[in-house]
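I have placed the structure first, in the form of structure tokens, so that the comments after it can refer back to it.
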Amino acid sequence: MSALVFVDANVLVYARDAGDIRRQPLAQAWLEWLWAEQLGRTGTQVLSEYYVTVTRKLKPGLPEEQAWDDVEALMHWQPQPVDLATMQRARTIQARHRLSWGDALVVAAAREQGCSVLLTEDLQDGALIDGVRVRNPFSYSIQEASTETYGHNEGLRRKPRGDRS
């Protein structure tokens, strides 16, 4: 069984941030691998944050059409909506783990989608929150993820199905 991986907005933003020469290639590699293995998941809150960040805060920003094309492509990852169940789970997570509301919503969305891994640099790497393992994509390698996901290196022998960054 393959482990689904929930991707937070910061990873998506770094994949488009040409100004961050260290993180951009790592974020792009993660997204390529997740597309190739069909393991990527995200949430509507994440997509909204991504769109606003890359069009308004990133320097230079992306044109709105290009950012929207990214969002539409990521719709294939079946984004978790912020619905009542997700909000209730987020409130429980927030209270239990003393997280910010935004972080609790991300963890809740990952949990609602059945993801066992959350890629983000916003939370402590390795933390287990409500059954979701937090991984910092800039210190946790795709090799490690592949081993955990498949129990061996099968995932790295597969060829990517094209650039989706």
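In my numbering, the protein residues as written are -19 to 145. C-beta: ideal position from N, C-alpha, C; glycine also.
What does DSSP give as the partner residues of residue i in its beta bridges?
i	result
R113	V97, L108
R21	F(-14)
Q60	G23
Of the choices the options, whose alpha-carbon is the least far from that of residue i?
i	options	result
Y130	S96, F118, Q4	S96
L(-16)	E128, Q4, L54, L19	L19
A(-5)	S121, P117, Q123	P117
W57	G94, R3, P43	G94
Determine whether the beta carbon atoms of residue i and residue j lie at a separation below 8 angstroms.
i	j	result
V(-7)	L27	no
P59	T35	no
S126	D105	no
V(-13)	L99	yes
A(-11)	T24	no
A53	I122	no
D(-3)	L38	yes
Y31	A47	yes
Roughly how many angstroms lie between the CA atoms of residue i and residue j, to the nearest whole one?
i	j	result
A7	V(-9)	6 angstroms
A70	I109	11 angstroms
G82	G111	18 angstroms
P5	L79	29 angstroms
Going along the chain, which residues of its own chain have a beta-carbon closer than 8 angstroms to the beta-carbon of residue i, five neighbours each way excluded?
i	result
E45	none
Excluding the 5 residues flanking residue i on each side, which residues of the same chain have their C-beta closer than 6 angstroms to its C-beta?
i	result
T66	A88, A89, E92
A107	V114
E29	A(-11)
For residue i, which residues from the same chain have a beta carbon less than 7 angstroms from its beta carbon, with the 5 sequence-adjacent residues on both sides left out?
i	result
W13	I122
Q74	W81, A84
Closer than 7 angstroms: is that where the CB of residue i sits relative to any heavy atom of the ligand COA?
i	result
A84	Absence of the ligand COA is noted for the structure shown, with no ligands found whatsoever.
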